[in-house]
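A.B. asks: Here the sequence shown is numbered in the working numbering, starting from -9 and rising by one per residue.
Built from N, CA and C at the ideal position, the CB exists for glycine as well.
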Amino acid sequence: MPQDIYDKVMMLAKRRGFIYPSFEIYGGCAGFYDYGPLGSRLKQNLENLWRSFYLLKDNCVEISTPTITLFEVLKASGHVDEFTDLTVDCKKCKQSYKVEGIIGEGISVEKAIKNNKVKCPTCKTILKNPYNVNLMFSTKIGIGQSRDAFLRPETAQGIFTDFHLLYRHAREKLPFGVVQIGKGYRNEVSPRQGIIRLREFSMAEAEIFFDPNDKTHPNFKDVKDEVLFLFDNEKEMEITLEKAVQTGVINNQALAYYMYLTQEFLMTAGINPEKFRFRKHSDDELAHYAVECWDAELFSERFGWIECVGIADRSAYDLISHMESTGTDMYALRKYDEPKIVDVKKIVPDMGKLGPLFKDKAGKIKTLLENMDVKDNEKIFVDIDGKTVEVPSNCYKIVETKEKQIGEKFVPHVIEPSYGIDRILYCILEQNYAEVKKKDEEYRLLKLKPEIAPIKVGVFPLVSDERLVKIAKIVDKNLRNAGIATYYDEGGTIGRRYARMDEIGTPFCVTIDHDTLKDKSVTIRDRDTTKQDREKIEDIIRHIKNKISC
């Protein structure tokens, strides 16, 4: 059976130290892969390029939160109840499958089940009795009186639960953005697509908080004439950001801006524009928290269009959920031009009554009551740990008073670009893999962008002459001291050494030859053009840095 590009890329990735199957000597485990020496560096470069877009260009801040998340957090966020895949079992093959993954495109899950279109991909048996499976890994915190928890399915919740602190850090001004890069965990039903569908994976997520009355972006005017590549599930279109917002194709400036930022990041990282599009989620596939979502999809010859980034308008769903669950103030303030004196009705909780009645929940209820809008002659209910509880009228008083207000409180809305780093990395490898013939030999290249290439420069003495070796090692050391990743090699013919560097995506090679002894110059070879330039030794670092940053 001939190899397709996926087989070729993954074979190269394993042989050259990019990606290894995890636990291979124990038979492996689906959904887990290791990054080898070159893969780890490639992934780190990709993540740092992402940081440059969000921390520098967009002025977000970065935080780091635990990968273990309390049950209560994910209950409030909806993941305990909603984070599921519809699954079927094949008793003959003893395999479980995600229904959505085996029915193909163009048919809904409901129709597929009703019309007996859900078939085992191996033995073609019609599969029935689908059931929902929660995809989170559960765990316990502590010994004895432990607390239920999960490995986090996303990095976002750590940002949301810190919002009240981050809002103060941002000096209570909107919009502001917070990012986090780290591991996520999903107990996938059938992870059979290499690093496309992992059980432990790397995410890069940004949560940008906006006033719901003003979803403009301060940088929108600078990019409004740039073109986005969109697919609305019926037709593909190329449209400027400004026109997309004006015509309602995209709901607001903020969403459109982060779609553009995503597109620019992916192109800079090495994604082929002809194998890229944004696809809009239909209403029946929106996540439980989203009001609008576009996926950045990348095309793979093996897997077709792959969702690699989701850019969602999460509205105020998460902050409201955590506020209702904990009583913590997650409001922002929309300031008036001048302070106002207003008549207000406030609830004054009676802790003497709340305490004995609600025990350890009394403090949370007190905070909820103090932040609640008051209406006459209405029973008062609060949500505690997912349950709606009536608060007896003798546990509080309603008082009327005058209050000076400098603004009105509101819960911010969130725009969330969420990136699957592993999927993007695979697509970069596949889309930049090439085969050519040189002197009747098959020759493989990875045309990785200099920004993300794990090795920037190969350094070679032309031959094993001690004088050339000495200079080459000095050049290699100087480059590394300047922060440029190198690979020193003096083994084999110069052609073989070039080939080894081309195969791992190294964009430049520096060769020290006998002319170097005379003119203090070296040859710098470009991977993509194979063009060779002569540069003075003292100019190598400047020349390479200019090439890397171009």
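Would the stretch 521 to 538 and the stretch 471 to 485 be scored as touching if the rule is three or more Cβ pairs under 8 Å?
C.D. replies: Yes, the stretch 521 to 538 is in contact with the stretch 471 to 485.
A.B. asks: Going straight from the alpha carbon of D48 to that of R176, what length do you get?
C.D. replies: In a straight line, the C-alpha of D48 is about 29 Å away from that of R176.
A.B. asks: With respect to the alpha helix (DSSP H) encompassing G345, which residues constitute its N-terminal and C-terminal limits?
C.D. replies: Segment 341 to 348, the alpha helix (DSSP H) holding G345.
A.B. asks: Based on the DSSP secondary-structure assignment, which residues constitute the bridge partners of Q295?
C.D. replies: Correcting the residue type first, residue 295 is Trp in the shown sequence and not Gln. BP columns for W295 point to F289.
A.B. asks: Under a three-way DSSP split, which group does K556 fall into?
C.D. replies: Nothing about residue 556 can be read from this structure; the chain reaches only from -9 to 540.
A.B. asks: Which value, in whole angstroms, describes the spacing of the CA atoms of S30 and R5?
C.D. replies: Roughly 14 Å separates the two Cα atoms.
A.B. asks: Quick check on A286: buried or exposed, where buried means 16 or more other Cβ atoms within 10 Å of its Cβ?
C.D. replies: That one is buried.
A.B. asks: Taking DSSP as the reference, what is the three-state secondary structure of C417?
C.D. replies: In the structure shown, C417 sits in a helix (DSSP, three-state: H, G or I).
A.B. asks: With a threshold of 7 Å on Cβ separation, who are the neighbours of T115 within its own chain once the five nearest residues in sequence on each side are excluded?
C.D. replies: Contacts found: C80, K82, K109.
A.B. asks: Here's the rule: buried if 16 or more other CB atoms are within 10 angstroms of the residue's CB, otherwise exposed. What is G481?
C.D. replies: Classification of G481: exposed, given that the 10 Å Cβ count is below 16.
A.B. asks: Which residues does DSSP list as the beta-bridge partners of T124?
C.D. replies: Before going further, note that residue 124 is Asn rather than Thr in the sequence given. Looking at the DSSP assignment, N124 forms a beta bridge with T74.
A.B. asks: Considering only C-alpha positions, which residue in the set Q395, D(-6), E493, F400 is nearest to Y433?
C.D. replies: The candidate whose alpha carbon is nearest that of Y433 is E493.
A.B. asks: For a quick check, are the C-beta atoms of M0 and H69 less than 8 Å apart?
C.D. replies: No, these two residues do not count as a Cβ contact at 8 Å.
A.B. asks: For C385, is the classification buried or exposed, using 16 other Cβ atoms within 10 angstroms of its Cβ as the cut-off for buried?
C.D. replies: C385 is buried by the Cβ-count criterion.
A.B. asks: Taking the alpha carbon of L452 as the reference point, which residue from P402, L507, K467 has its own alpha carbon closest?
C.D. replies: Of the candidates P402, L507, K467, the one whose C-alpha sits nearest the C-alpha of L452 is L507.
A.B. asks: The alpha helix (DSSP H) spanning T506 covers which residue range?
C.D. replies: Taken as a continuous stretch (DSSP letters only), the alpha helix (DSSP H) holding T506 covers 504 to 509.
A.B. asks: Which ranges would you report for the beta strand (DSSP E) in the stretch 0 to 74 if only whole runs of at least 3 residues count?
C.D. replies: Taking only runs of at least 3 residues, the beta strand (DSSP E) segments lying wholly in the stretch 0 to 74 are 9 to 11, 23 to 25, 58 to 60.
A.B. asks: Report the option in P120, I301, F153 whose CA atom is closest to the CA atom of A194.
C.D. replies: Comparing Cα-Cα distances from A194 to each of P120, I301, F153, the minimum goes to I301.
A.B. asks: Taking a contact to mean a Cβ-Cβ separation below 8 Å, would you say V89 touches T77 in this structure?
C.D. replies: Contact: yes.
A.B. asks: From the DSSP output, read off the bridge partner residues of I514.
C.D. replies: Bridge partners of I514: V500, D523.
A.B. asks: Report yes if the C-beta distance between A3 and L359 is below 8 Å; otherwise report no.
C.D. replies: Result no, Cβ atoms of A3 and L359 do not sit closer than 8 Å.
A.B. asks: Which one of S315, Y16, K510 has the shortest CA to CA distance from V461?
C.D. replies: Before going further, note that residue 461 is Ile rather than Val in the sequence given. I461 has its Cα closest to that of K510, out of S315, Y16, K510.
A.B. asks: For the alpha helix (DSSP H) containing E195, list its first residue and its last residue.
C.D. replies: Note, E195: premise wrong, no alpha helix (DSSP H); beta strand (DSSP E) at 190 to 200.
A.B. asks: The beta strand (DSSP E) spanning V447 covers which residue range?
C.D. replies: Run containing V447: 447 to 451, per the beta strand (DSSP E) assignment.
A.B. asks: For N242, count neighbouring C-beta atoms within 10 Å of its own C-beta (all shown protein chains included) and say buried if the count is 16 or more, exposed if not.
C.D. replies: N242 should be labelled buried.
A.B. asks: Assuming L245 contacts D327 (C-beta within less than 8 Å), just tell me the rounded distance between them.
C.D. replies: That pair is no contact at about 29 Å.
A.B. asks: Should S136 go down as buried or exposed, given a rule of 16 or more other Cβ atoms within 10 Å for buried?
C.D. replies: The residue in question, S136, is exposed, as its Cβ has fewer than 16 Cβ neighbours within 10 Å.
A.B. asks: Only counting the same chain, and skipping five residues up and downstream in sequence, which positions put a Cβ closer than 6 Å to that of D373?
C.D. replies: The residues are E314.
A.B. asks: Note down, in chain order, each residue of its chain lying with its Cβ closer than 6 Å to the Cβ of I58, except the 5 sequence neighbours on either side.
C.D. replies: Closer than 6 Å at the Cβ level, and outside the excluded window around I58, lie A139.
A.B. asks: Going straight from the alpha carbon of Y23 to that of E14, what length do you get?
C.D. replies: Cα to Cα, the separation comes out at about 9 Å.
A.B. asks: Would a C-beta distance cut-off of 8 Å place L231 and F200 closer than the cut-off?
C.D. replies: Taking 8 Å as the Cβ cut-off, L231 and F200 do not qualify as a contacting pair.
A.B. asks: On the DSSP bridge list, what partners appear for Q253?
C.D. replies: Bridge partners of Q253: none, in fact.
A.B. asks: Here's the rule I'm using: 16 or more other beta-carbon atoms within 10 Å means buried, otherwise exposed. How should E380 be labelled?
C.D. replies: Exposed, since its Cβ has fewer than 16 Cβ neighbours within 10 Å.
A.B. asks: Inspect the beta-carbon positions of I53 and Q170 and report whether they are closer than 8 Å.
C.D. replies: Yes; because the gap between Cβ atoms is below 8 Å, this pair is in contact.
A.B. asks: Please work out which residues of its chain come closer than 6 Å, Cβ to Cβ, to P27, disregarding the five sequence neighbours upstream and downstream, and give them in chain order.
C.D. replies: The residues are G7.
A.B. asks: Below 8 Å between beta carbons: does that hold for F268 and L288?
C.D. replies: Against a cut-off of 8 Å, the Cβ pair of L288 and F268 comes out as no contact.
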